[in-house]
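Engineer:
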Amino acid sequence: MKDTLIFEESREGRRGFTLPAAGISGGAKEDFLPKAYRRSTPAALPELSEVEVVRHFTGLSMKNYGIDLGFYPLGSCTMKYNPKVNEDVVLLPGFAELHPLQTAETAQGTLELLHGLITDLCGITGMRWGTLQPFAGAHGEFTAMKLFRAYFDHRKDDHRKKILIPDSAHGTNPASAHLAGFQVVELPSDPEGYVDLEALEEHLDDTLAGIMLTNPNTLGRFEKDIRLIARKIHQAGGLLYYDGANMNAILGHARPGDMGFDAVHLNIHKTFSTPHGGGGPGSGPVLVGESLEPYLPVPDIRRDGDTFRWASEHRPRSIGRVSGFYGNIAVLLRAVCYLRMMGSEGLKAAGTLAVLNANYLKRHLTSLFDSPDKSLCKHEFVLSAKTWKEKHGITALDIAKALLDRGIHPPTIYFPLTVPEALMIEPTETESRETLDSFVDTLKDILTTAKKDPEALHRAPEKMPVSRIDEVRAAKTPILRWRKER
Amino acid sequence: MHPFLPHTDRDIQEMLDFCGLQKPEELFADIPEDVLLKKNLPLADGLSEFEAFRLLEKTAAKNRIESVCFLGCGSYDHIIPRTVNRITSLPQFYTAYTPYQAEMSQGFLQAMFEFQTMICELTSLEVSNASLYDGHTASCEAAVMALQACRDRNKVLYAETLHPFTKQVLRTHFYGTDVVLKEVQAPSGCFSLAALEEELDDDTACFIGQSPNIFGFLEDYTGCAEALHARGAFFIISSNPLSLAVTRSQGEWGADIGIGDTQVFGLPRFFGGPSCGYIAATEKLTRKMPGRIVGQSVDTKGRRAFILTLQAREQHIKRHRATSNICSNQALAALASTVYLSLLGPEGLKETALQNMAAARYLYDRLTALPGITGYAGNPFFNEFTLQLPKPAEQVAAEILKRGILAGVPYKTLDSRGSENLLVVAVTEKRTRDELEAYAEALQEVTA
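Just so you know, the sequences run in chain order E and B. When the letters of the first sequence are read in order and numbered with my numbering, they come out as residues 1 to 486. When the letters of the second sequence are read in order and numbered with my numbering, they come out as residues 1001 to 1448.
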């Protein structure tokens, strides 16, 4: 396979696209722009014919792995199948060619669907209303933290700055809370990964703004005392935020609103089947209960009889706008199509089977690894390769790299930070029993190699386009762009 | 059985047996009784693919799509080569997660490295990242970079001529923090160095300008970088990146950070998203960059290889001390723009930019020759300009829409303080001469 950069394939004078002949006779930039406004050095973009561009990027795609190729049990990322019809839906001209500043009268179709989506997401989470503006999960977290701030400011309770976050939480939680202007206090977990209630008790004072939790937590365990925690936080004057990264576990079985949460974000690109696109675009809607509704971002979408419109005037206490236009609309429309196809029963079945798959795998794998616990899990579970490291020098990283050679995307590794040599496994509901069995066999095969020939695992991967990459060098002497050799 | 759920009844029973359970409900036995949901979710019944598609097709038809679109202000109707969607639809690209496992993700990592290079080239700056959410939120990330780079300062200045939605996003972003946002006046619709110097002080971390600005004017930043740098403040410019093919780039104006949105490079309008924010900066700001960055390294055999790098800035390592909370970005949209730029190349991009300018100037001249219509005068413009109409712009646009033309963005719909007679008009390479003439005729009739 070629390994050249597109710039290295460039030949002066080639071009991969032509424009229609100009309707208005053009001119040089000198004709249009006084000198001060003109660009002096041209941008060195590559010059290729269309077929060369196509082969370059098709070649790159062959050096990449996606859910359409095989199993992708990346914990906390919910890599479920991405239905193909969703891709066709968003390319319908009525959706793709709609300009964000068209009047509401000319965008009734999309507004109707978005309004319906907020309604459905509220039903799924047990909340009252929400916003679809946030572009990603972390953006939803940030938005919710701003809602907390506005709530306390309005109550003249603006000294409440402390946000509690368990030590097992996703890294975005503390980053979002801090950037939103809060002080982050890390809350220790008890040995089973639950919120340590005694430690919680110490922070229940009048500086408390709230807590950020994911439930089930990152160990895949359902927070059994959640109602008690909610009561304690509320009694102390604080609010509860639900990180929806793990929502797939409880679809149709439990709702954050019923647990006592005041704000929820959902990852549309996880729970609602939209593709992750190699890093994005995602979408992170925020749904809230009564206490936070007045502060939701504007514009909001409102329904008057059979017509839909943007509305801001009913939210004088809004935190304002969090996205330039209204979020990643095409991602949201894919979720609309997914929900139409799943319906209430399908969605509940997805939750059930996600949990069944996780427990089935966990039961198979706990005896092979150190497991923080052997009890029922939800959508994911965490194993530790600690003993393998001590006895055979095989780390979680070695196991991950060995999986690459066997055509499987590895689990999330070294997370949560509370478990040494962690392997965090989330199979999702769209994987068959045969895929899971085959994964178990593959791991057993790797562990057999670990005993017999540990060096072979240190060398892995050997079948990928490249072997292990020097991370330290990349960070120490950063090369972040291509430059023409002189 | 559902097409996305492979389990047969027998699978389910045998898997439950293996787990020592009898019924699926037992999988949820750890959820306390008082939070266990006992009713069905309030959703419609599931549909087949055919029915769902039909339904959505019908709903899409309720949107009114006009092929003659003069709307801009951050989202534009450009020609998109068919190849772009073919590439971004390759399953190994669009069904991949973030490239955490580099050896299995060399394709995406290399494409993002190429994207970063193209953004550096266009902006004339040294470092870029693998995309941000959109051009508006990019302004927040850029301001945070400047605030972190100069520590004890808390003032962020921005131009009055910034997109009003960007201003709103900035206000929300810094609400509840000790950061003070201050607008630099632009009485003539263009940047004024004197106005900047009036606001500039030792608390100022940065100034954010936009060129082409919200009215379409290219800003004259002569002396701006010098003034800011003399006071230890950073200079941030947001630009429509298509304009950079011919107009003075952020780096050439002496800016420290360049931001904007690559929607103009191969992305449909999609009612506003996904688009793709870009950010580039001078080398000394490298370790303050937000989001994912791809770096070049070598593998154990010395071969060139790509990997997510400088992760010590990021939330999963630094937690609350991270430079940004960004985890997901707009990678697939960035890939689309990379493919677009590869297809057009330097000449194609320049030709596109010049066609935009020629068509915009032609229409501007035609329209401002009509009685009662004047151009909102100022600096030269790129492909967007603002008209002063004799009547409210919303009313005029509604009348012209009856003739199948989206006439432009009434400025007041972006900024309630704005004059109701201003109309912002964008002209791209997609507009034919006949369409420009039809627009001129329509405007003449409507304003007569």
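Glycine is no exception: its CB is placed at the ideal position from the N, C-alpha and C atoms. From a predicted model like this one, the values you see are computed outputs, not experimental measurements.
Between E/Q102 and chain B, is there a C-beta pair that is closer than 8 Å?
Structural biologist: Judged by the 8 Å Cβ criterion, E/Q102 is in contact with chain B.
Engineer: What is the C-beta distance between E/I408 and E/T442, in whole angstroms, given that I count them as a contact (C-beta under 8 Å)?
Structural biologist: Their Cβ separation, rounded to whole angstroms, is 6 Å, which keeps E/I408 and E/T442 in contact under 8 Å.
Engineer: Under a CB-based cut-off of 8 Å, is E/Q108 close to chain B?
Structural biologist: E/Q108 counts as touching chain B.
Engineer: Is it buried or exposed, E/R340, if we count other Cβ atoms within 10 angstroms and call 16 or more buried?
Structural biologist: Buried is the call here.
Engineer: Would you call the segment 266-282 of chain E and the segment 316-336 of chain E in contact, with 3 or more CB pairs under 8 Å?
Structural biologist: Yes, since at least three Cβ pairs between the segment 266-282 of chain E and the segment 316-336 of chain E fall closer than 8 Å, the two stretches touch.
Engineer: Would you tell me roughly how many angstroms separate the C-alpha atoms of B/V1446 and E/T430, rounded to the nearest one?
Structural biologist: Straight-line Cα distance between these residues: approximately 57 Å.
Engineer: Under three-state DSSP, which class holds B/C1206?
Structural biologist: Three-state DSSP puts B/C1206 in a strand.
Engineer: Alpha carbon to alpha carbon, what distance is there between B/A1397 and E/P285?
Structural biologist: Distance between the alpha carbons of E/P285 and B/A1397: 32 Å.
Engineer: Taking one C-beta from the segment 1142-1160 of chain B and one from the segment 1106-1121 of chain B each time, how about it: are there three or more such pairs within less than 8 Å?
Structural biologist: Flag = no, the segment 1142-1160 of chain B and the segment 1106-1121 of chain B do not touch.
Engineer: When the Cα of B/H1002 is compared with those of B/A1205, B/M1289, B/S1048, which residue comes out closest?
Structural biologist: Of the listed residues, the one whose Cα sits closest to B/H1002 is B/S1048.
Engineer: Taking DSSP as the reference, what is the three-state secondary structure of B/E1429?
Structural biologist: Coil at B/E1429, not helix or strand.
Engineer: Just the Cα atoms here: how many angstroms apart are B/E1420 and B/F1191?
Structural biologist: C-alpha separation (whole angstroms): 22 Å.
Engineer: For the 8 Å Cβ check, are there 3 or more pairs between the segment 212-222 of chain E and the segment 379-395 of chain E?
Structural biologist: Flag = yes, the segment 212-222 of chain E and the segment 379-395 of chain E touch.
Engineer: Any Cβ of chain E within less than 8 Å of the Cβ of B/Q1210?
Structural biologist: Chain E contact via Cβ: absent.
Engineer: Report all residues from its chain with a CB closer than 6 Å to the CB of E/S49; omit the five preceding and five following residues, and keep chain order.
Structural biologist: Answer for E/S49: R14, G16, listed in chain order.
Engineer: Give me the chain E residues within the contact set of B/I1405, using Cβ-Cβ distance strictly less than 7 Å, ordered along the chain.
Structural biologist: Neighbours of B/I1405 on chain E: none; closest Cβ ~12 Å, over 7 Å.
Engineer: In chain order, which alpha helix (DSSP H) runs of at least 4 residues are fully inside the segment 208-258 of chain E?
Structural biologist: Within the segment 208-258 of chain E, the complete alpha helix (DSSP H) runs of at least 4 residues are 226-235.
Engineer: What three-state label does DSSP hand E/I165 in the structure shown?
Structural biologist: Reduced to three states, the DSSP call for E/I165 is strand.
Engineer: Taking 8 Å as the cut-off, decide whether the C-beta atoms of B/Q1296 and B/F1306 are in contact.
Structural biologist: Yes; because the gap between Cβ atoms is below 8 Å, this pair is in contact.
Engineer: Can you look up E/M145 in the DSSP assignment and give me helix, strand or coil?
Structural biologist: Helix, per DSSP.
Engineer: Under three-state DSSP, which class holds E/N359?
Structural biologist: Looking at E/N359 - three-state DSSP - the assignment turns out to be helix.
Engineer: So which residues of chain B does E/L113 contact, with C-beta pairs closer than 8 Å?
Structural biologist: Ordered by position in chain B, the residues that pass the 8 Å Cβ test against E/L113 are L1056, T1059.
Engineer: Could you give the distance in angstroms between the alpha-carbon of E/L447 and the alpha-carbon of B/Q1106?
Structural biologist: Straight-line Cα distance between these residues: approximately 27 Å.
Engineer: Take B/G1254 and list the residues in its own chain whose beta-carbon comes closer than 6 Å to its own, dropping the five residues that flank it on each side.
Structural biologist: Counting only Cβ-Cβ distances below 6 Å, and skipping sequence neighbours, we find A1225.
Engineer: Which term fits E/S40, buried or exposed, when burial requires 16 or more other beta carbons within 10 angstroms of its beta carbon?
Structural biologist: Exposed, because fewer than 16 other Cβ atoms sit within 10 Å of the Cβ of E/S40.
Engineer: Ignoring anything shorter than 3 residues or poking outside the segment 64-144 of chain E, list the beta strand (DSSP E) runs there in chain order.
Structural biologist: Correct list: 129-131.
Engineer: What are the boundary residues of the alpha helix (DSSP H) that B/V1264 is part of?
Structural biologist: B/V1264 -> no alpha helix (DSSP H), and no H or E assigned at all.
Engineer: Where does the unbroken alpha helix (DSSP H) through B/Y1362 begin, and where does it stop?
Structural biologist: It spans 1331-1368 - the alpha helix (DSSP H) in which B/Y1362 sits, taken as one unbroken run.
Engineer: Less than 7 Å between C-beta atoms, sequence neighbours within five positions excluded: which residues of the same chain meet that for B/Y1340?
Structural biologist: Closer than 7 Å at the Cβ level, and outside the excluded window around B/Y1340, lie P1081, V1084, F1265, G1266.
Engineer: Helix, strand or coil for B/G1135, going by three-state DSSP, please let me know.
Structural biologist: Three-state DSSP puts B/G1135 in a helix.
Engineer: Whole-angstrom Cβ separation of E/T106 and B/R1064, contact assumed at under 8 Å?
Structural biologist: So it is a contact: roughly 4 Å between Cβ atoms.
Engineer: Consider the Cβ of B/E1399: report whether some Cβ of chain A lies at a distance smaller than 8 Å.
Structural biologist: No chain A is present in this structure, whose protein chains are E and B.
Engineer: Give me the Cα-Cα distance between E/L132 and E/P42, rounded to the nearest whole angstrom.
Structural biologist: Approximately 40 Å, taken between the alpha carbons.
Engineer: Could you compute how far the alpha carbon of E/E8 sits from the alpha carbon of B/L1389?
Structural biologist: Each residue's alpha carbon lies about 51 Å from the other.
Engineer: According to DSSP, simplified to helix, strand and coil, what is E/Y338?
Structural biologist: Looking at E/Y338 - three-state DSSP - the assignment turns out to be helix.
Engineer: Could you compute how far the alpha carbon of E/P275 sits from the alpha carbon of E/V89?
Structural biologist: Cα to Cα, the separation comes out at about 14 Å.
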